[in-house]
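J.: Our numbering puts the sequence shown at residues 890 to 1269.
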Amino acid sequence: MLKLLPLYVVGFCGYTGFSLLFPVIPKYADALGAPLPVVGLAVATFSYLTALTMIPFGILSDRVGRRILLVVGLVIYTLTPLLYIIVTDPLQLIIVRGVHGLASAAFIPAATALVVDASPLQKRGEALGWFTAATMLGFVFGPITGGFLLHSYGFDATFYACSLTSLLALLLILPWLKSMPGKPAKMEAGGSAWGWLLQRRAAGALLTPLFVTFGSGAIVAFMPLYGEGINITASQVGIIITAIYASSSLLRAPAGRLSDRIGREVVILCGFAISAVALLFFAFVTSFSTLIVVGVVFGFGMGLAMPAAFALVADLAPLRARGLAMGAASSSLQAGVAIGATAMGGVAAVTGFGSMFGICSAILAAGLLAVFFLLGSRSG
């Protein structure tokens, strides 16, 4: 897997740059005079545009080649953070967030598809496990770094750091790309790039990241507010969220390897079930130490399910549709985070945070049941 290290670095740097701005953008929007709804829009624009455009960019990478999308996306991803420095009002900030999200949507599916292209079938799960582990490490490292830079040096330093992180990925990947084909090999004549999506197993695999990150989106969005009501400090909330992503990252490569050996479906379902059960415990647990344990268990479930789901999507997609496949899986992941944070906010306003986590767990349980029946079919 060492030959894929540059791609893992791209995944790490890409998600570090994205998450580095988690603690920054809300305060930056507020400093620009944005009202609370516009602050939320400035935060969410990146994720929604990324989710909406990953599939088209994935298709484009199948047609024009992974290298072009990866390089162009990373170049824009490197330059865009510098535009944050010169914005003067909330509207400009939202526009820059949109451009930043589009750049992410361009290179992430291309990088993921390159991981699939460059790894043998019998090690595909492990390779995707390492890649998604790198992205999760970015989620762990980014917010901590962003918060430190913001507190110590101000807004501009965080934007420069975001740009430098992406530049590092670009400089590392360019020499590696010279050894890769510019375009993916074409499949046999008459094959369909879309027909695989009609398979029930494909639907099950694509629904998995949607539902699991629906849960993580709710946790990340509302744990800070939930913590206030149960005497959990902001720093303790940060530790809980870090524990979720760190445990998820640690398990992803072994989980991907396990899915190569015993099959994708059983690993997906086990991880999905663990996440659903752990989420329920957030509704009842109020001590800091126990919340860390619950967070670690939720992270383990996410770490099991994600690489196996991505690998199953790659298994089912034809060769010329790998960009589409990885774009669809990545889009599902991003959509889950955004929808979970948005939908559960309305639920929490009516029921309170404890009941919200219970309802969120029930939604995951319903999703698990649907995925169980979809994955149980070996026919279309």
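We put the CB at the ideal spot given by N, CA and C, even for glycine.
Nothing here was measured: the structure is a model prediction, and the numbers come from that model.
(1) Take the Cβ of residue 1015 as the centre, count every other Cβ of all protein chains shown within 10 Å, and call the residue buried at 16 or more, exposed below.
(2) Applying the criterion that 16 or more other CB atoms from any shown protein chain within 10 Å of the CB defines a buried residue, is residue 978 buried or exposed?
(3) Within 8 Å, do at least three Cβ pairs link the stretch 1191–1199 to the stretch 1145–1160?
(4) To the nearest angstrom, how far is the alpha carbon of residue 964 from that of residue 1265?
(5) For residue 1074, name the three-state secondary structure that DSSP assigns.
(6) Please go through the same chain and pick out, in chain order, the residues whose beta-carbon is closer than 6 Å to the beta-carbon of residue 911, but skip the five residues on each side of it.
(7) Assuming the contact rule is C-beta atoms closer than 8 Å, residue 1227 and residue 995 should be a hit. Round their C-beta distance to whole Å, please.
(8) Counting only the same chain and skipping the five closest in sequence on each side, list residues whose C-beta sits under 6 Å from that of residue 1147.
(9) Buried or exposed: where does residue 1258 fall if 16 or more other Cβ atoms within 10 Å of its Cβ makes it buried?
(10) For residue 916, name the three-state secondary structure that DSSP assigns.
(11) Could you give the first and the last residue of the continuous alpha helix (DSSP H) run that contains residue 1276?
(12) Looking at the secondary structure, which residues open and close the alpha helix (DSSP H) in which residue 1149 lies?
(13) Nearest CA to the CA of residue 1003: which residue from 1177, 1216 and 1184?
(14) Leaving out the 5 sequence neighbours to the left and right, which residues in its chain are closer than 8 Å to residue 1229 when beta-carbon positions are compared?
(15) If the criterion is Cβ atoms closer than 8 Å, does the pair residue 1186 and residue 1163 meet it?
(16) Please report the straight-line C-alpha distance between residue 1027 and residue 1233, rounded to a whole angstrom.
(17) With DSSP collapsed to three states, give me the class of residue 864.
(18) For the alpha helix (DSSP H) holding residue 883, just list the boundary residues, first then last.
(19) Should residue 1074 go down as buried or exposed, given a rule of 16 or more other Cβ atoms within 10 Å for buried?
(20) Should the stretch 973–990 be regarded as contacting the stretch 1233–1243, the criterion being three or more beta carbon pairs within less than 8 Å?
(21) Kindly indicate the opening and closing residues of the alpha helix (DSSP H) around residue 1308.
(22) Between 1095, 1097, 1175 and 1144, which has its C-alpha nearest residue 1126's C-alpha?
(23) Taking the straight line between their C-alpha atoms, what separation do you get for residue 1144 and residue 1013?
(24) Please report the straight-line C-alpha distance between residue 917 and residue 1060, rounded to a whole angstrom.
(25) Return the chain-ordered list of same chain residues with a C-beta closer than 6 Å to the C-beta of residue 909, the five sequence neighbours on each side being excluded.
(26) Can you tell which of 1124, 1044, 1096 and 1165 has the C-alpha that lies nearest to the C-alpha of residue 1262?
(27) Does the beta-carbon distance from residue 1023 to residue 897 come in below 8 Å?
(28) Is it buried or exposed for residue 1160, if we count other Cβ within 10 angstroms and need 16 for buried?
(29) Residue 1175 lies in the alpha helix (DSSP H); which residues open and close that run?
(30) Return the residue from the list 1158, 1117 and 992 that minimises the CA-CA distance to residue 1100.
(31) Which residue spans inside the stretch 971–1018 form an unbroken alpha helix (DSSP H) run of at least 4?
(32) Return the residue from the list 904, 1009, 1041 and 1044 that minimises the CA-CA distance to residue 990.
(33) Which value, in whole angstroms, describes the spacing of the CA atoms of residue 1132 and residue 983?
(34) What whole-angstrom Cβ distance do residue 997 and residue 1213 have, given they're in contact under 8 Å?
(35) Go to residue 1213, then tell me how far its alpha helix (DSSP H) extends in each direction, as first and last residue.
(36) Looking at the structure shown, is residue 1171 part of a helix, part of a strand, or coil, going by DSSP?
T.: On the basis of the data shown:
(1) buried
(2) exposed
(3) yes
(4) 42 Å
(5) Here the model assigns residue 1074 a pLDDT of 48, short of 50, so the residue's position is not dependable, and the following value carries that caveat. It is coil, neither helix nor strand.
(6) 1032
(7) That pair is no contact at about 18 Å.
(8) 1156
(9) exposed
(10) helix
(11) The question about residue 1276 has no answer, for the chain in this structure spans 890 to 1269.
(12) 1123–1151
(13) 1216
(14) 1102, 1103, 1104, 1105, 1106, 1107, 1110 and 1249
(15) yes
(16) 25 Å
(17) This structure cannot speak to residue 864, because the chain is shown only from 890 to 1269.
(18) Residue 883 lies beyond the residue range present for the chain, which begins at 890 and ends at 1269; the question has no answer from this structure.
(19) Here the model assigns residue 1074 a pLDDT of 48, short of 50, so the residue's position is not dependable, and the following value carries that caveat. Looking at its Cβ environment, which holds fewer than 16 other Cβ atoms inside 10 Å, residue 1074 is exposed.
(20) no
(21) Residue 1308 is absent from the structure shown; the chain starts at 890 and stops at 1269.
(22) 1175
(23) 11 Å
(24) 29 Å
(25) 1031, 1034, 1035 and 1051
(26) 1096
(27) yes
(28) buried
(29) Residue 1175 -> no alpha helix (DSSP H), and no H or E assigned at all.
(30) 1158
(31) 979–1006
(32) 904
(33) 30 Å
(34) About 14 Å separates the two Cβ atoms, so there is no contact after all.
(35) 1211–1240
(36) coil
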